[in-house]
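Encoded as structure tokens, the structure appears first; notes follow it.
Numbering (the working numbering), first residue to last: 8 to 126.
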């Protein structure tokens with residue numbers, strides 16, 4: 008079977024495919040959808056940014072919860088100091104190393120390499 012020779016010596020590679028309007032529209036729609044998907048994902052206001060902000064919001068919620076608990080604890084300590092004289096005494100002993108008259112305060116220093124007694 009001899010292939011027809013065109014002008015200039017070119018041999019056709021095979022029958023040329025003509026795409027129907029439906030095929031062209033489908034291909035164009037798929038390309039458009041793919042481009043829009045990439046824009047939606049990776050644009051500065053896209054889904055990736057939304058996910059990043061959701062993670063940041065979750066982290067801030069956790070730190071806010073911790074701060075609320077800490078604030079509640081400090082509020083309880085303030086109430087105890089206002090109402091209970093023994094709470095003031097306990098705080099003075101623990102934080103300020105104060106003692107009643109006649110009491111002796113001992114500080115126990117843990118041993119480590121810096122404060123060991125050397126012969």
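Even for Gly, the Cβ is constructed at its ideal location relative to N, Cα and C.
In the three-state reduction of the DSSP assignment, residue 52 falls in the coil class. Residue 24 and residue 30 have their C-alpha atoms spaced approximately 12 Å apart. With a beta-carbon spacing of about 6 Å, residue 104 and residue 112 fall inside the 8 Å limit used to define contacts.
Judged by DSSP in its simplified three-state form, residue 105 adopts coil rather than helix or strand. Under the three-state reduction of DSSP, residue 91 is assigned to coil, being neither helix nor strand. As for any alpha helix (DSSP H) of minimum length 4 sitting wholly inside the segment 23-86, the runs are 28-49, ordered along the chain.
Scanning its chain for C-beta atoms nearer than 6 Å, with the 5 sequence neighbours on each side dropped, one finds around residue 106 the residues 112, in chain order.
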